[in-house]
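Trainee:
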Amino acid sequence: MSRIGVFVCHCGENIARTVDVERVAGAAGQLPGVAFATDYKYMCSDPGQGLLKKAITEQRLTHVVVAACSPRMHERTFRKAVEQAGLNPFLCEMANIREHCSWVHEDREEATAKAIEIVGMLVERVKRNRVLPTITVPVTKKALVIGGGIAGIQAALDIADAGHQVVLVEREPSIGGHMAQLSETFPTLDCSQCIMTPKMVDVANHPNITLHTYSEIEQVDGYIGNFQVTIRKKARSVDEQICTGCGVCLTKCPQNKIPNRFDRNLGTRSAIYVPFPQAVPNIPVIDREHCTKFKTGKCGVCQKVCGPGAVDFEQEDRLVVEPVGAIVVATGFELYSIEEKPKGSPIKGYGEFGHGKIPDVIDGLTFERLASASGPTGGKILRPSDGKEPKQVVFIQCVGSRAREKGISYCSKICCMYTAKHTMLFRHKVHDGQAYVFFMDARTPGKGYDEFWRRSIEEEEAVYIRGMVSRLYQKGDKIVVMGSDIAVGVQVEIEADLVVLATAVQPRQGADALAQKLGISYDKYHFYSEAHAKLKPVECATAGIYLAGVCQGPKDIPDTVSQASAAAAKVMTLFARDQLEREPIVARVQERNCVGCFACMKVCPYGAIEEKEIRDRSGKLLKTVAYVNPGVCAGCGTCQATCPSKSVELDGYTDEQIISMIEAL
Amino acid sequence: MTVHHAKQKHDFEPKIIAFVCTWCTYAGADLAGTSRMQYPTNVRVVKFPCTGRIDPVFILKAFQQGADGVLVSGCHPGDCHYMAGNFHARRRFAAFRKLLEFIGVDLQRLQFSWVSAAEGGKWVEVVTELTEQVRAMGPMQEFKALALEEQWSGRLDTPELQEAYQAI
Chain A
257 MSRIGVFVCH CGENIARTVD VERVAGAAGQ LPGVAFATDY KYMCSDPGQG LLKKAITEQR
317 LTHVVVAACS PRMHERTFRK AVEQAGLNPF LCEMANIREH CSWVHEDREE ATAKAIEIVG
377 MLVERVKRNR VLPTITVPVT KKALVIGGGI AGIQAALDIA DAGHQVVLVE REPSIGGHMA
437 QLSETFPTLD CSQCIMTPKM VDVANHPNIT LHTYSEIEQV DGYIGNFQVT IRKKARSVDE
497 QICTGCGVCL TKCPQNKIPN RFDRNLGTRS AIYVPFPQAV PNIPVIDREH CTKFKTGKCG
557 VCQKVCGPGA VDFEQEDRLV VEPVGAIVVA TGFELYSIEE KPKGSPIKGY GEFGHGKIPD
617 VIDGLTFERL ASASGPTGGK ILRPSDGKEP KQVVFIQCVG SRAREKGISY CSKICCMYTA
677 KHTMLFRHKV HDGQAYVFFM DARTPGKGYD EFWRRSIEEE EAVYIRGMVS RLYQKGDKIV
737 VMGSDIAVGV QVEIEADLVV LATAVQPRQG ADALAQKLGI SYDKYHFYSE AHAKLKPVEC
797 ATAGIYLAGV CQGPKDIPDT VSQASAAAAK VMTLFARDQL EREPIVARVQ ERNCVGCFAC
857 MKVCPYGAIE EKEIRDRSGK LLKTVAYVNP GVCAGCGTCQ ATCPSKSVEL DGYTDEQIIS
917 MIEAL
Chain B
186 MTVHHAKQKH DFEPKIIAFV CTWCTYAGAD LAGTSRMQYP TNVRVVKFPC TGRIDPVFIL
246 KAFQQGADGV LVSGCHPGDC HYMAGNFHAR RRFAAFRKLL EFIGVDLQRL QFSWVSAAEG
306 GKWVEVVTEL TEQVRAMGPM QEFKALALEE QWSGRLDTPE LQEAYQAI
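One line per chain: the protein sequences are A and B, in this order. Position in the first sequence (first residue = 1) + 256 = this note's numbering. Position in the second sequence (first residue = 1) + 185 = this note's numbering.
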């Protein structure tokens, strides 16, 4: 026979104002199985919890119902108190008579009646609660960081500096990401390469970091503390162990007119290449698509000139399995294409801007390469079409961003600031040049940001025109920019030498596929979703996976670095313990009834259900049943609702518990 | 000056049971509370980890126990805390509704909706709407009739049943 204790909270006036708490406690006392019922002003306070603990010992209570606020608020508090009094914490339930009753109703009579019914439901439920043991799982103190841009580098360095092993995986042949492509950074105008490359070298030299470049995530299994990650190391065709990075192969390769993607196709590279001179690791890759040896079977010059003999045309992709305890996702972004509309994309593209047909209409990142001292022009601003210095440059903001009709409604956050920076860089390099900026609003929240933007207007004389551009077309060697100035209410036409589009920031292509491998959620633009917009901004809803940088939403370098360090701190918090405790809300199979149809296996979103063979002593197979791995199970219960023979049960939400609640009505 | 309307008394107050997931709709209902929104007292909430856990049997059980309306609500498609539970639920209920319709339950008594943790207002709307709709429909008699009939299950009082019996 159960001896249930019911504790009704006044919550000061919050509950007591509309609910007659004394009557609720009185009615609860009459319910079968209830041995003790009382009300108190603040149950969650120290004396309130003391009252609860005292009653458990004195009244020899077996189960507890606290009728107070939402379990989302204080379930943990009361379960802890119950545990301190010697009861299993899962024998305590909360009846929500605040958020679901006193706060949403005015009629005292009706609200009291409802509160009594809610308490009744929970009393019936708690009777059927079972003692659940806390589940502990070990923690593998090794982290995986996906993406080697500034976010991934920062997170990897922080975790490695704390003394934990880190595996850093980068898709490209070199780490560095977009920050390595930038010329100077706002609002200080310090050289991006100068602050980035030392960090890249730190990663390469760190004893705790294993770097896998030119590699991708193939598969992710497991759960918090115990992930198994399969990494595909793509064939470099150059042996990383042997190559010394001398670079002779690059100079001798006859295929040397391939557009260099790192330079936004402005410069050229050879078929065997490193993306940029400061690459980490400084080991070339053979681009098999363009290499003569791979296309025709002849050539092999690089192999002949390579002193140590590192070039290996036979090399194949390799799969590496790494056990890790936590994962930081930092896959970054790419820019909205100003070329033709990408196939299958909901995004519409910009036909009115020539769809990338006018060579001197470039995007912001291309301008960064033009302005960069290590870029294809050595830092001179020259037009891609004829190599002449442009005098009139038009910058157009919000290309793709904040344009619902084009498929993206969000603000890309960084464009206002980098456009202001571009006008400055242009003016510093072309003293008699004039920059025009078409903009909707200038959004400059950030330390020193507004001052920086003002400087571009007040000192560098950039002309800001509030309004959008309707059309661009080529006229001789000029580009005619047709737009409107809505502040003055007139149409504007500017003959420009160069047009720079501040295109929207988007998640990487394939961000959705990676999310599916990781089991994390993403929004309609494929930005990864954090667990809580305010209070859990770096955690994923999937435990043990953390987010850093633009893959979660547009942000600038300082925000990215902060988020990366925050993600690293979360990983370190996790690694500070040897064992993890988790809620024991997991499914269990009753093997006797299970017929082995494995319908549960098909619906389980976590792959927590495995086949288990039941054999007799002689080893003869009796039957194959389902088995739920409690470490992987997240406790959604979809298997239970699916099971045709009702052989799988979710602890804490059994059929018995649910039906007793319905029957209590 | 605020005018307090005298609360309208109705002849019939329906019983509504809501099966909700803990991550979205339960939290949405909590938000309605913290925002002090008002809605009818008819609804009783049963919390699940996920709509995927909701067995259609629970809905039948609710109607059997005298519920006049049932609401099932979880996360929006794509927002499931457990990735895909709400999709399984949606699929299950699409089929289950057909079955209920077949046995003669007015589907206006069973509502399926998505209410996120941020949609306290939507929770109020959904609950109020369903309560008023069911109130207008009157008490749910079908299951009471069935329960009565169950007691007399030996009777073959329709020509169809007679014919079927003869054919055995």
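We put the CB at the ideal spot given by N, CA and C, even for glycine.
Express the C-alpha separation of L757(A) and V649(A) in angstroms, rounding to a whole number.
Mentor: Within the first sequence, residue 649(A) is the residue found at index 393, counting from 1. Within the first sequence, residue 757(A) is the residue found at index 501, counting from 1. So the two alpha carbons sit approximately 11 angstroms from each other.
Trainee: Taking the straight line between their C-alpha atoms, what separation do you get for V188(B) and F694(A)?
Mentor: Against the second sequence, residue 188(B) aligns to sequence position 3. Against the first sequence, residue 694(A) aligns to sequence position 438. Per-residue confidence for V188(B) stands at a pLDDT of 44, beneath the threshold of 50, marking its modelled position as unreliable; the derived number appears in the next sentence. So the two alpha carbons sit approximately 52 angstroms from each other.
Trainee: With a floor of 4 residues, list each alpha helix (DSSP H) that falls wholly inside the stretch 738-826 of chain A, ordered by position along the chain.
Mentor: Correct list: 767-774.
Trainee: If we ignore side chains and look at the alpha-carbon of each, how far apart do S593(A) and V530(A) end up?
Mentor: Residue 593(A) sits at position 337 when you count from the first residue of the first sequence. Residue 530(A) sits at position 274 when you count from the first residue of the first sequence. Straight-line Cα distance between these residues: approximately 25 angstroms.
Trainee: Hey, out of D276(A), C856(A), S916(A) and Q571(A), whose CA is closest to P900(A)'s CA?
Mentor: For the purposes of this step, residue 900(A) is identified with residue 644 of the first sequence, where counting begins at 1. Cα-wise, what sits closest to P900(A) is C856(A).
Trainee: Nearest to G809(A) by alpha carbon, out of G605(A), I271(A) and A760(A)?
Mentor: For the purposes of this step, residue 809(A) is taken as the residue at position 553 of the first sequence. Among G605(A), I271(A) and A760(A), the Cα nearest to that of G809(A) is on A760(A).
Trainee: Along the stretch 207-220 of chain B, where does the CB come closer than 9 angstroms to a CB of chain A? Name the residues.
Mentor: Per Cβ criterion, the list reads T207, W208, Y211, A212, A214, D215, L216, A217, G218, T219 and S220.
Trainee: For the stretch 480-493 of chain A and the stretch 536-543 of chain A, state whether three or more C-beta atom pairs, one from each stretch, are separated by less than 8 angstroms.
Mentor: These segments touch.
Trainee: Compute the distance between the beta-carbons of E327(B) and V290(B), then report whether it is under 8 angstroms.
Mentor: As a position in the second sequence, residue 327(B) is number 142, starting the count at 1. As a position in the second sequence, residue 290(B) is number 105, starting the count at 1. It is a contact, given that the beta carbons lie within the stated cut-off.
Trainee: Going residue by residue through the stretch 362-428 of chain A, where are the continuous alpha helix (DSSP H) segments of at least 4 residues, counting only ones entirely within it?
Mentor: DSSP runs (the alpha helix (DSSP H)) wholly in the stretch 362-428 of chain A: 364-383 and 406-417.
Trainee: So the candidates are A214(B), R277(B) and V311(B); which of them puts its Cα closest to the Cα of V360(A)?
Mentor: Within the first sequence, residue 360(A) is the residue found at index 104, counting from 1. Nearest of A214(B), R277(B) and V311(B) to V360(A), Cα basis: A214(B).
Trainee: Select from A279(B), L284(B), K194(B) and Y224(B) the residue whose C-alpha is nearest the C-alpha of E310(B).
Mentor: Numbered from 1 along the second sequence, position 125 holds the residue referred to as residue 310(B). The shortest C-alpha separation from E310(B) is found at Y224(B).
Trainee: According to DSSP, V567(A) sits in a beta bridge with which residue or residues?
Mentor: Translated into positions along the first sequence, residue 567(A) becomes position 311. In the DSSP output, where bridge partners are listed per residue, V567(A) has V494(A).
Trainee: With distances taken Cα to Cα, identify the nearest neighbour of C672(A) among D779(A), Y720(A), R660(A) and S628(A).
Mentor: Counting from one through the first sequence, the residue named residue 672(A) turns up at place 416. Here the closest residue by C-alpha is Y720(A).
Trainee: Could you compute how far the alpha carbon of E786(A) sits from the alpha carbon of D264(B)?
Mentor: Here residue 786(A) refers to the residue found at position 530 when the first sequence is read from its first residue. Here residue 264(B) refers to the residue found at position 79 when the second sequence is read from its first residue. Their Cα atoms are separated by approximately 11 angstroms.
Trainee: To test your reading of the DSSP string, which unbroken beta strand (DSSP E) runs of 3 or more residues are found completely within the stretch 684-732 of chain A?
Mentor: You should have 690-695, 719-722 and 725-731.
Trainee: Can you tell which of C895(A), G800(A) and G419(A) has its C-alpha closest to the C-alpha of G852(A)?
Mentor: To locate residue 852(A), count along the first sequence from 1; it is residue 596. For G852(A), the nearest C-alpha among the options comes from C895(A).
Trainee: For Q896(A), which beta-bridge partners are listed by DSSP?
Mentor: On the first sequence, position 640 is the one that residue 896(A) refers to. Paired residues: none, contrary to the question.
Trainee: Identify whether H261(B) lies in helix, strand or coil by the three-state DSSP scheme.
Mentor: Within the second sequence, numbered from 1, the residue matching residue 261(B) stands at position 76. Looking at H261(B) - three-state DSSP - the assignment turns out to be coil, as it is neither helix nor strand.
Trainee: For the structure I just gave you, are there three or more beta carbon pairs, one from the stretch 344-358 of chain A and one from the stretch 307-326 of chain A, closer than 8 angstroms?
Mentor: Touching, yes, given that three or more Cβ pairs across the two stretches are closer than 8 angstroms.
Trainee: Can you give the beta carbon distance from V888(A) to A920(A), rounded, assuming they're within the 8 angstroms contact cut?
Mentor: One-based indexing of the first sequence puts residue 888(A) at position 632. One-based indexing of the first sequence puts residue 920(A) at position 664. Contact flag wrong, Cβ pair sits at about 34 angstroms.
Trainee: Closest by CA to T274(A), which one among I813(A), K370(A) and S874(A)?
Mentor: Counting from 1 along the first sequence, the entry for residue 274(A) is found at position 18. When only C-alpha atoms are compared, the closest one is K370(A).
Trainee: How would you list, in chain order, the residues of chain B whose beta-carbon sits under 8 angstroms from the beta-carbon of M377(A)?
Mentor: Position 121 of the first sequence, counting from 1, holds the residue named residue 377(A). The contacting residues are R229 and V231.
Trainee: Which bits of chain A does Y224(B) rub up against, with CB to CB less than 7 angstroms?
Mentor: Numbered from its first residue, the second sequence carries residue 224(B) at position 39. In chain order: V360.
Trainee: Look at the alpha carbon of S668(A) and the alpha carbon of F651(A), and state the distance between them as a whole number of angstroms.
Mentor: Counting from one through the first sequence, the residue named residue 668(A) turns up at place 412. Counting from one through the first sequence, the residue named residue 651(A) turns up at place 395. Approximately 16 angstroms, taken between the alpha carbons.
Trainee: Roughly how many angstroms separate the alpha carbons of T207(B) and F233(B), rounded to a whole number?
Mentor: Taking the second sequence and counting its residues from 1, one reaches residue 207(B) at position 22. Taking the second sequence and counting its residues from 1, one reaches residue 233(B) at position 48. Their Cα atoms are separated by approximately 6 angstroms.
Trainee: Can you list, in chain order, the residues of the stretch 865-892 of chain A whose Cβ is nearer than 7 angstroms to any Cβ on chain B?
Mentor: Cβ contacts with chain B come from A890, G891 and C892.
Trainee: Roughly how many angstroms separate the alpha carbons of L388(A) and N344(A), rounded to a whole number?
Mentor: Here the question's residue 388(A) lines up with position 132 in the first sequence. Here the question's residue 344(A) lines up with position 88 in the first sequence. If you take the alpha carbons of L388(A) and N344(A), they lie about 7 angstroms apart.
Trainee: In terms of alpha-carbon separation, which member of R574(A), Q772(A) and G433(A) lies closest to G404(A)?
Mentor: Position 148 of the first sequence, counted from the start, is the residue given in the question as residue 404(A). Checking every option, the nearest Cα to that of G404(A) belongs to G433(A).
Trainee: Just the Cα atoms here: how many angstroms apart are M186(B) and R275(B)?
Mentor: Position 1 of the second sequence, counted from the start, is the residue given in the question as residue 186(B). Position 90 of the second sequence, counted from the start, is the residue given in the question as residue 275(B). For M186(B), the predicted model reports a pLDDT of 39, less than 50, meaning its position is unreliable; a value from the coordinates is still stated below. Computed Cα separation, rounded: 46 angstroms.
Trainee: Taking the beta strand (DSSP E) that H195(B) belongs to, which residues open and close that run?
Mentor: Taking the first residue of the second sequence as position 1, residue 195(B) is located at position 10. Taken as a continuous stretch (DSSP letters only), H195(B) belongs to no beta strand (DSSP E), as it is neither H nor E.
Trainee: Which runs of the beta strand (DSSP E), 3 residues or longer, sit entirely within the stretch 632-657 of chain A?
Mentor: You should have 648-655.
Trainee: With E579(A) as the anchor, note down where its beta strand (DSSP E) starts and where it stops.
Mentor: The residue given as residue 579(A) occupies position 323 in the first sequence. It should be pointed out that residue 579(A) corresponds to Pro in this sequence rather than to Glu. P579(A) -> beta strand (DSSP E) spans R574 to V580.
Trainee: Go through its chain and collect everything with a Cβ distance to D458(A)'s Cβ below 7 angstroms, but skip five positions before and after it.
Mentor: Taking the first residue of the first sequence as 1, we reach residue 458(A) at position 202. The residues are L413.
Trainee: Alpha carbon to alpha carbon, how far is C267(A) from K309(A)?
Mentor: Working through the first sequence from its first residue, we reach residue 267(A) at position 11. Working through the first sequence from its first residue, we reach residue 309(A) at position 53. Distance between the alpha carbons of C267(A) and K309(A) is about 18 angstroms.
Trainee: Please check if any C-beta of chain A sits within less than 8 angstroms of the C-beta of T187(B).
Mentor: Mapped onto the second sequence, residue 187(B) falls at position 2. Unreliable positioning characterises T187(B) in this predicted model, as indicated by a pLDDT of 44, which lies under 50. The coordinate reading is nonetheless provided below. Not closer than 8 angstroms to any Cβ of chain A, the Cβ of T187(B) fails to qualify, so no.
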